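Here is the structure we will look at, set down as structure tokens.
2 protein chains.
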Amino acid sequence: MGKVKNHANKGDATLITADAVRRRAPKLQSGPLDYGQLKDITGFPLKVVWIIGYTLLVKHVDDPAITPQRVSMLELIGSNPGATQSQLGAALGLSRPATTLTIDFWQDRGCVDRRTEPKDRRSFGIHLTEEGERQLADLRQKVQMSDKALTANLSEDEIAQLRALLAKIHQ
Amino acid sequence: MGKVKNHANKGDATLITADAVRRRAPKLQSGPLDYGQLKDITGFPLKVVWIIGYTLLVKHVDDPAITPQRVSMLELIGSNPGATQSQLGAALGLSRPATTLTIDFWQDRGCVDRRTEPKDRRSFGIHLTEEGERQLADLRQKVQMSDKALTANLSEDEIAQLRALLAKIHQ
DNA sequence: CCACATTGTTATCGTCAATAACTGATATCG
DNA sequence: CGATATCAGTTATTGACGATAACAATGTGG
């Protein structure tokens, strides 16, 4: 709990830092800075919100090793039993080594099973174990809670709007 | 044996690995896989869209060293001349070491000036140099173009809606 | 003056991901 | 059939990056 572990992507930046915590006394006069052009583009608040979501998810899951990326992978495996590593990695935009390591992570936890399919013995079909099913069911709840916390300020309609707009961006 | 490309021609197209191709376009819908619960939460498309924005910005800026985070810092410096490193770092959620390095980056490029202010000689006032002004003006255009590309599928109204919704989340 | 807080820098470490090279399996085509 | 290329996955190496901790310099308050 005390220490925050490393679990970040390249573009990641944590909002909460030890330095920030160390800074106790609030400044007397120094108001917030002017964000300049950053106020007028979409990309910046997008990142801020994503970091908030990331932080919320990590907090809800309460296991520093379980990152959103790994959660996504487990969800994808659960929703596509028998998919190959290549398919799973491509769906999340991961390189093949990164895919291998992500699946290794879940296999090491006994959540995932690599099955050699006789029709093409180069690849594996990836399946959840029973432990993986339990883990995924648990994670799904936490993901939902975390997502609900992220959008707590929005009405149902607004959440739907937001998703529709995001969907429109990536077609 | 593996595919060792001896006598390799440097510009040969065959040197492009399958990995590189595979990792293009982490489009949400393009895969044959079922995204399961990921379709029904806000956090996942948020990340996808942010990655698209990140990629667009990197492409428009066309200098791999200039990341969104560094752009944000330069923008912040330009909009708040004389701010201290602590203020700048706090505004972007950076630790003090990360702040130092980010400002080092721009100072090494001659864009930024650390001025010792007599009233508190522990800290610096950070200012843009003339080169920094030019760089920032150039970057602002590229940021706008990139942001416009990100939201190309949205109308003006929809962009405003999206920003309002994002603002509502993180306020 | 002394203890302590602050600002910023440097050192060290761990994590993560990317590229390249490798193994093993399959496809293609003469 | 057999040579060659391609595909799926793993491993090795490297590099980027952030975090913590320790440090110097400066400021503040008893």
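Protein chains in written order, with the numbering used here: chain P, 1 to 171; chain X, 1001 to 1171.
All residues carry an ideal CB built from backbone N, CA and C; glycine is no exception.
These figures come from a predicted structure and were not determined experimentally.
Could you check whether the Cβ of residue i sits closer than 6 Å to any heavy atom belonging to the ligand FMN?
| i | result |
| --- | --- |
| residue 1155(X) | The ligand FMN is not part of this structure, which contains no ligands at all. |
Step through the CB atoms of chain X and report whether any lies within less than 7 Å of the CB of residue i.
| i | result |
| --- | --- |
| residue 132(P) | no |
| residue 119(P) | no |
| residue 98(P) | no |
| residue 160(P) | no |
| residue 42(P) | yes |
| residue 3(P) | Note on residue 3(P): pLDDT 27, under 50, position unreliable in the model; no value is reported. |
| residue 173(P) | Because chain P in this structure spans residues 1 to 171, residue 173(P) falls outside the shown range and cannot be described. |
| residue 173(P) | Here chain P covers residues 1 to 171 and nothing more, so residue 173(P) does not appear. |
| residue 53(P) | yes |
| residue 85(P) | no |
| residue 178(P) | As displayed, chain P neither begins before 1 nor continues past 171, which places residue 178(P) out of reach and without an answer. |
| residue 37(P) | yes |
| residue 101(P) | no |
Buried or exposed for residue i, please, with buried defined as at least 16 other CB atoms from any protein chain shown within 10 angstroms of its CB.
| i | result |
| --- | --- |
| residue 1080(X) | buried |
| residue 47(P) | buried |
| residue 102(P) | buried |
| residue 45(P) | buried |
| residue 1087(X) | buried |
| residue 121(P) | exposed |
| residue 1130(X) | exposed |
| residue 183(P) | Since the first residue of chain P shown is 1 and the last is 171, residue 183(P) is not available in this structure. |
| residue 1116(X) | exposed |
| residue 1085(X) | buried |
| residue 83(P) | buried |
| residue 22(P) | Low local confidence applies: a pLDDT of 38 at residue 22(P) is under 50, so the model's placement there is unreliable, with the coordinate-based value given in what follows. It counts as exposed. |
| residue 1090(X) | buried |
Looking at the unbroken alpha helix (DSSP H) that takes in residue i, where does it start and where does it end?
| i | result |
| --- | --- |
| residue 147(P) | 130–150 |
| residue 1104(X) | 1096–1108 |
| residue 1163(X) | 1156–1170 |
| residue 87(P) | 85–92 |
| residue 41(P) | It is not in any alpha helix (DSSP H) - residue 41(P) carries neither H nor E in the DSSP assignment. |
| residue 77(P) | 68–79 |
Are the C-beta atoms of residue i and some chain P residue less than 7 Å apart?
| i | result |
| --- | --- |
| residue 1066(X) | no |
| residue 1123(X) | no |
| residue 1050(X) | yes |
| residue 1169(X) | yes |
| residue 1045(X) | yes |
| residue 1137(X) | no |
| residue 1070(X) | no |
| residue 1147(X) | yes |
| residue 1082(X) | no |
| residue 1034(X) | yes |
| residue 1141(X) | no |
| residue 1074(X) | no |
| residue 1166(X) | yes |
What is the residue span of the beta strand (DSSP E) that residue i lies within?
| i | result |
| --- | --- |
| residue 1116(X) | 1112–1116 |
Can you pull the DSSP bridge partners for residue i?
| i | result |
| --- | --- |
| residue 1125(X) | 1115(X) |
Count Cβ pairs between the stretch 134–141 of chain P and the stretch 69–82 of chain P that sit closer than 8 Å; are there 3 or more? yes
Three or more beta-carbon pairs under 8 Å between the stretch 143–155 of chain P and the stretch 94–111 of chain P, yes or no? no
Would you be able to state if there are at least three C-beta pairs under 8 Å between the stretch 1030–1044 of chain X and the stretch 75–92 of chain P? Under the 8 Å Cβ criterion, the stretch 75–92 of chain P counts as touching the stretch 1030–1044 of chain X, having at least three qualifying pairs.
Evaluate contact between the stretch 154–161 of chain P and the stretch 101–114 of chain P, counting only Cβ atoms and requiring at least three cross-stretch pairs below 8 Å. no
Give a yes or no on contact between the stretch 46–64 of chain P and the stretch 125–132 of chain P, applying the rule of three or more CB pairs nearer than 8 Å. no
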